[in-house]
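Colleague:
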Amino acid sequence: MSGYHDIGGLPAGPIPRVELPFQHWEKQAEAIRNLLGDGSRRLVSLDEIRRGFESFGLDKYQAYSFYRRRLEAMIDTLQSKGLLTREEFERELAKVQRRWTGDPCLRP
Amino acid sequence: MDRRPVPPAITPPATARPFGPRFDIGDLVRVIDLRKPGHVRTPDYVIGHLGEVIQRCGLFLNPEDLSVGITHGPVVALYRVRFPMAELWGGPARHPRDTLCIELYDHWLEPVDKVTR
Amino acid sequence: MRTHDHDHSQNQSPLHEHDALVAEDEAGNLLGQQMVDALQAILVRKGVLSPGEVGLEIQKLEAPGTHLGARIVARAWYDPAYRSRLLRDGKSAAAELDIKVGEAQLVVVENTPAEHNVVVCTLCSCYPRSILGQPPSWYISKAYRARTVREPAAVLAEFGLYLPDDTAICTHDSTADMRFLVLPMRPTGTEGWTCEQLSRLVTRDSMIGVAQPLSPDAHLAPKTAAEEHP
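Residue numbers (this note's numbering), protein chains in the order written: chain P, 94 to 201; chain L, 14 to 130; chain D, 141 to 370.
(1) Quick one: what's got a C-beta closer than 6 Å to His312 (chain D)'s C-beta in the same chain, skipping five residues either side?
(2) Could you give the distance in angstroms between the alpha-carbon of Thr194 (chain P) and the alpha-carbon of Leu170 (chain D)?
(3) Using only CA atoms, which one of L:Pro124, L:His62, L:Val89 and L:Asp126 lies nearest to Met98 (chain L)?
(4) Ile67 (chain L) and Val44 (chain L): beta carbons closer than 8 Å?
(5) Hey, how far is the Cα of Pro50 (chain L) from the Cα of Gly96 (chain P)?
(6) Rounded to the nearest angstrom, how far is the Cβ of Tyr222 (chain D) from that of Leu338 (chain D), given a contact under 8 Å?
(7) Output yes or no for whether 8 Å exceeds the beta carbon distance between Gly103 (chain L) and Glu65 (chain L).
(8) Rounded to a whole number of angstroms, what is the C-alpha to C-alpha distance between Ser80 (chain L) and Ser158 (chain P)?
(9) Where does Glu119 (chain P) land, buried or exposed, given buried means 16+ other C-beta within 10 angstroms?
(10) Taking Cβ-Cβ distances shorter than 9 Å, what residues in chain D pair up with Thr112 (chain L)?
(11) Look at Glu243 (chain D) and Ser265 (chain D) and say whether their C-beta atoms are less than 8 Å apart.
(12) Would you check if the distance between the CB atom of Thr315 (chain D) and the CB atom of Val289 (chain D) is smaller than 8 Å?
(13) Name the chain P residues whose beta carbon is nearer than 7 Å to that of Glu197 (chain D)?
(14) Could you name the residues of the same chain whose beta carbon sits closer than 6 Å to that of Glu141 (chain P), not counting the 5 residues immediately before and after it, in chain order?
(15) Taking Glu147 (chain P) as the query, report the chain L residues whose CB atoms sit under 7 Å from its CB, ordered along the chain.
(16) To be precise: take each residue of the segment 268–287 of chain D, compare its Cβ to all Cβ atoms of chain P, and keep it if any distance is under 7 Å. Which residues remain?
(17) According to DSSP, is Pro356 (chain D) part of a helix, a strand, or is it coil?
(18) Whose C-alpha, out of L:Arg35, L:Arg69 and L:Tyr118, is nearest the C-alpha of Thr55 (chain L)?
(19) By the three-class DSSP mapping on this structure, what secondary structure does Asp140 (chain P) have?
(20) Spell out the partners DSSP gives Phe96 (chain L) in its beta bridges.
(21) By the criterion of Cβ-Cβ separation under 8 Å, what are the contact partners of Arg315 (chain D) in chain L?
(22) Would you check if the distance between the CB atom of Gly130 (chain P) and the CB atom of Ala283 (chain D) is smaller than 8 Å?
(23) Verify the CB distance criterion: does Glu141 (chain P) have a CB-CB separation below 8 Å to chain A?
(24) Does the CB of Val350 (chain D) have a neighbour CB from chain L at under 8 Å?
(25) Could you name the residues of chain D that Phe73 (chain L) contacts, counting a contact when the two beta carbons are closer than 8 Å?
(26) For Gly86 (chain L), go through chain P and note every residue whose CB falls closer than 8 Å to its CB, in chain order.
(27) Please list the partners that Trp102 (chain L) has in chain D, where partner means a Cβ-to-Cβ separation under 7 Å.
(28) Less than 8 Å between the beta carbons of Ile168 (chain P) and Phe149 (chain P), yes or no?
(29) Roughly how many whole angstroms lie between the Cα atoms of Pro275 (chain D) and Tyr267 (chain D)?
(30) Are the C-beta of Gly106 (chain P) and some C-beta of chain D separated by less than 8 Å?
(31) List the residues of chain L that Leu183 (chain D) touches, going by C-beta distances under 9 Å, in chain order.
(32) Does chain L have any CB closer than 8 Å to the CB of Leu263 (chain D)?
(33) Taking Cβ to Cβ, would you say Gln180 (chain D) is nearer than 8 Å to Val194 (chain D)?
(34) Are three or more beta carbon pairs between the segment 298–312 of chain D and the segment 107–124 of chain L nearer than 8 Å?
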């Protein structure tokens, strides 16, 4: 049964001949995924990640960059296993973003 | 996100038998449409087409199971199957020997009688 | 936030919106970094990961690269017995060179005058990362994944590769546990070259199958240390 990711043979335009750099956050996300999937943890497999982004829906799948898709799918999978909640993640993200802007009023 | 219930941890049955290998190198096979929802690794473009087994890759856990957290097996035989390009897309291929090779799991394949196909 | 990367060629029609490669802009990369930091903080706090481990794993991710694949190809060109072993069992042959293939198996497919090989993953981005590192962005693009299994010659032509009419093309769709490496044909004019010299002709794109290796004319034969300092 095909999904929006199953595109072998579909018409498409010219190959975008670009070489995007591998960003640090992308490496970090992949590193975390590798560790979560390793023999001592087995918390998130590549198969679950793939199923994750294959279930996003077309709009989300097309809107996100490749590594962002994998990161989102990883967070979704961790949530579905009860390892974290989206609310927890959003709270932590807000904390990180406050540290980043260095707003003195919001320092914990 | 499509959420399947993750089954509780199950002790693998001691007698879990692998699925396959049913096919040998050189066997003709057709890719069947299992109409399985969720995560599968058989692309649409090979469904229904006739190919030849060129390699037996070994036994692997089924990604259809792994994708929903079932890690206890059974394992499934994996093959590389070769299709003539003309067979896949219709019309004359650029070259008569242009082919497509792809990895396919045993349960997606059915045997084809070389004589009657 | 993200932008669509645009093709800047003069004469090409505009890319379809959904064909363009989605690349993060500065804001998107910043958000990505913040998201990963947030995720890591949670996982560290829950005792699932340690920051040290993540750093080490990043180093491991950065370590592989084209140079590893080039060593394997060069050795196969240099040593016919090694070539046979490589074609039979890529993972074991790589291990002979102290190159560890992390994936289940490495299938090495050999180019000949009769047949040229090219590799794609139509469903996602399967690529021999443990030896070549991360795939190039175009390998993950919709256009490459959609078209290579249907019109490989046209795709190769976009990369500037034109095969003789009597060379067949075998396209490999990497869908499961195998990973693929193309063994290009050894360029002519390299008789007597060392493995190290040969490896400098092997490009990443020649190991994916969208290019030929460099020719000796395009790349001056590098001197060995002994030649440089007799």
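Think of the CB as a built atom: it goes at the ideal place given N, C-alpha and C, for glycine as much as any other residue.
Modeller: The structure says:
(1) Val259 and Phe320
(2) 12 Å
(3) L:His62
(4) no
(5) 9 Å
(6) Between Leu338 (chain D) and Tyr222 (chain D) the Cβ distance is about 12 Å, and since that is not below 8 Å, they are no contact.
(7) no
(8) 21 Å
(9) buried
(10) Glu255, Ala308, Ile309, Cys310 and Thr311
(11) no
(12) no
(13) Ala124, Asn127 and Leu128
(14) Thr170
(15) His52
(16) Gln274, Pro276, Ser277, Trp278, Ile280, Ser281, Lys282, Ala283, Tyr284, Arg285, Ala286 and Arg287
(17) coil
(18) L:Tyr118
(19) helix
(20) L:Leu113
(21) It is Thr, not Arg, that sits at residue 315 (chain D) in the sequence shown. Those within 8 Å of Thr315 (chain D) in chain L are Arg54, Thr55, Pro56, Ile115, Glu116 and Leu117.
(22) no
(23) Considering every chain present, this structure includes no chain A. Its protein chains are P, L and D.
(24) no
(25) Ala244, Ala316 and Asp317
(26) Going along chain P, no residue has its Cβ under 8 Å from Gly86 (chain L), so there is no contact; the nearest lies around 14 Å.
(27) Arg290
(28) no
(29) 6 Å
(30) yes
(31) Here the premise fails: no neighbours, minimum Cβ distance about 18 Å.
(32) yes
(33) yes
(34) yes
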